[in-house]
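Residues in the sequence shown are numbered from 1 upward in steps of one, following full-length UniProt numbering.
Data block below; observations after.
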Amino acid sequence: MLISVLDRAAAASQESEAETLRQVSAHAQHVESLGFHRFMVAEHHAVAGIPGSQPAILAAHVASSTSTLRVGTAGVMVPDHPPLIIAEQVGLLEALYPGRIDIGLGSSVGFTAPVRQALRQGTPSEAKARLEDDFRELLSYLSGSAGITARPENRAQTPLYVLAGYRSAFLAAKLGLKVILGGPVEVQLKAAQVYRGNFVPSAFAAEPEVVSSLNIAVAESERAASDLLLPESYAKALSRSTGVFSALAPAAELDLESLTSQQKKRIADFQAHCIVGTPAQVRESLMAASEKLGVQEFLVTGDIPDQAGRARSEELLAEIAQGLSR
1 MLISVLDRAA AASQESEAET LRQVSAHAQH VESLGFHRFM VAEHHAVAGI
51 PGSQPAILAA HVASSTSTLR VGTAGVMVPD HPPLIIAEQV GLLEALYPGR
101 IDIGLGSSVG FTAPVRQALR QGTPSEAKAR LEDDFRELLS YLSGSAGITA
151 RPENRAQTPL YVLAGYRSAF LAAKLGLKVI LGGPVEVQLK AAQVYRGNFV
201 PSAFAAEPEV VSSLNIAVAE SERAASDLLL PESYAKALSR STGVFSALAP
251 AAELDLESLT SQQKKRIADF QAHCIVGTPA QVRESLMAAS EKLGVQEFLV
301 TGDIPDQAGR ARSEELLAEI AQGLSR
C-alpha cells in the first residue's frame with residue numbers, strides 16, 4: 001500500500017504566512033524520511049487561512065528541499081490559468097526535477113465572485129462550459145500536438161491526475177487521465193465505477209489509475225485522533241456561515257459551545273467521513289476502503305495544526321502501510 005500526503009498550507013493560529021510556507025517544506029522532509037510515495041500541494045486564492053496560492057512555485061520549493069520524494073500539485077485549477085501557462089509550469093517542473101513530478105488538475109473556480117473576477121474566469125457556468133476544451137488544449141501542449149510548442153517540452157512525460165468527483169471522473173476517463181478521487185468512500189466508489197467503465201487509453205495513461213484521497217489521523221486513542229482533525233472541521237463549519245476560512249486554532253481552544261446546531265452538525269458530518277482511530281482501527285478502515293475502491297494508494301488530507309500530533313500520526317500511518325505491504 002502506498003501513502004501520499006497533501007499539504008494545503010493551512011495556517012495555524014499565531015503563525016505568520018511565511019512560517020506556514022516554511023513548515024510545508026519541513027513537512028515534506030518528514031514525509032520523505034518515512035518513505036511515503038509523494039507529497040502534493042494545493043491552490044487557493046485570497047483565502048485568509050491558506051497562503052499556498054501558487055502550487056507550481058510551492059512544488060518547486062518542496063522538490064528543492066527533498067531528494068527522492070515525488071512532488072506534485074493537487075491541484076492546479078484549470079479554470080484559473082491559460083492552458084499554455086499550465087503546460088509551461090509542468091514542463092519547467094519536469095525539466096528541473098525529472099522523474100519526480102506529478103500534476104493534479106482541478107476544476108474548481110474562485111470561492112467568491114470578486115476572486116473569480118480577479119482571476120478573469122467569467123461566471124462559474126462559463127468556466128464549466130469551457131472546461132473540457134481547456135483540458136484538451138492543455139493536453140495538446142503537453143503531448144506536443146498543438147500548433148505551438150510549450151517550453152520546456154514535456155512530450156507527455158509527467159503523470160497527470162484529475163481531482164475528481166462523479167462528473168469529473170467521466171471527463172478524466174474520456175481524456176485518458178489518471179484520477180484522484182475525493183469525498184466519502186461511497187461517493188468515491190460511484191465515481192471510480194464511472195471512471196473505469198468509460199476509460200479511453202491515451203498517451204498519458206495506458207490504463208485507468210485511481211488514487212483515493214481521505215482525511216486520515218492516527219493516535220493512541222480514537223478521541224485523540226479525532227481531535228487532530230477537529231480544528232479543520234471547526235474552521236470549515238464557521239466558513240460556511242462567515243465566508244472566511246480562518247487560521248486553525250488548537251483543538252483545546254475551540255469554542256464548541258457557542259456554535260449553532262447547524263454548525264455542530266456540519267462538524268459532525270465532516271468528522272464522520274474521516275478515517276480516525278488507533279493504529280488497529282485505521283488499519284482495518286484502510287483495508288476495507290482499499291478493497292471496496294480497488295486502490296493501492298491513499299492521498300492523506302487533513303489540515304492538522306498540531307505539528308507534533310501530525311508527525312506522530314504519519315509515523316503510525318507509515319507503520320500501518322509497511323505492515324500491509326508485506
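Note that CB positions come from ideal geometry on N, CA and C, so glycine has one too.
Query	Result
Selected residue, minimal CA-CA separation from threonine 301, among Leu84, Ala150, Gly183	Gly183
Beta-carbon contacts of alanine 146 that lie in its chain and below 7 Å, excluding the five residues immediately before and after	Ser140
CB of residue 339 within 7 Å of CB of glutamate 32, strictly	As displayed, the chain neither begins before 1 nor continues past 326, which places residue 339 out of reach and without an answer.
Leucine 96 versus histidine 81: straight-line alpha-carbon distance, rounded	21 Å
Neighbourhood of tyrosine 234 by C-beta, 7 Å cutoff - its chain only, sequence neighbours within 5 removed	Leu254, Ile267
6 Å CB neighbourhood of arginine 136 in its chain, flanking five on each side removed	none
Chain B within 7 Å of arginine 223, Cβ atoms only	Among the chains of the structure shown, chain B does not appear; only one protein chain is present.
Alanine 113 to leucine 324 span [Cα, whole Å]	46 Å
Other residues of its chain near histidine 30: CB distance less than 8 Å, five sequence neighbours each side excluded	Ala311, Glu314
Residues near valine 115 in its chain [Cβ-Cβ closer than 7 Å; skip 5 each side]	His45, Ala46
Contact under 7 Å by Cβ, leucine 177 with alanine 205	yes
Nearest-angstrom Cα separation, counted from alanine 12 out to threonine 20	7 Å
Neighbour-count burial assignment, valine 71, 16 or more Cβ in a 10 Å radius	buried
The beta strand (DSSP E) enclosing alanine 74, as first and last residue numbers	70-77
Alanine 203 classed as buried or exposed, judged by whether at least 16 other C-beta atoms fall within 10 angstroms	exposed
Rounded C-alpha distance that separates alanine 48 from alanine 217	25 Å
C-beta atoms of glycine 52 and alanine 18 nearer than 7 Å	no
Tyrosine 141 (DSSP reduced to helix, strand or coil)	helix
Option in Leu181, Ser246, Glu132, Leu142 with minimal Cα separation from lysine 174	Glu132
Buried or exposed by the 16-neighbour rule on C-beta atoms within 10 Å, applied to glutamine 262	exposed
Local Cβ density within 10 Å of alanine 169, reported as buried at 16 or more and exposed below that	buried
Residue burial classification, residue 364 (beta-carbon count within 10 angstroms, cutoff 16)	This structure cannot settle anything about residue 364, because the visible part of the chain is limited to 1 through 326.
Helix, strand or coil at leucine 299 according to DSSP, with G and I counted as helix	strand
Identity of the residue in Leu138, Lys128, Leu317 nearest glutamine 281 by Cα	Leu317
N-terminal and C-terminal residue of the beta strand (DSSP E) that valine 162 is part of	160-164
Contiguous alpha helix (DSSP H) assignments of at least 4 residues, all confined to the stretch 203-271	222-242
Spatial distance of glutamate 319 from serine 212 (CA atoms)	19 Å
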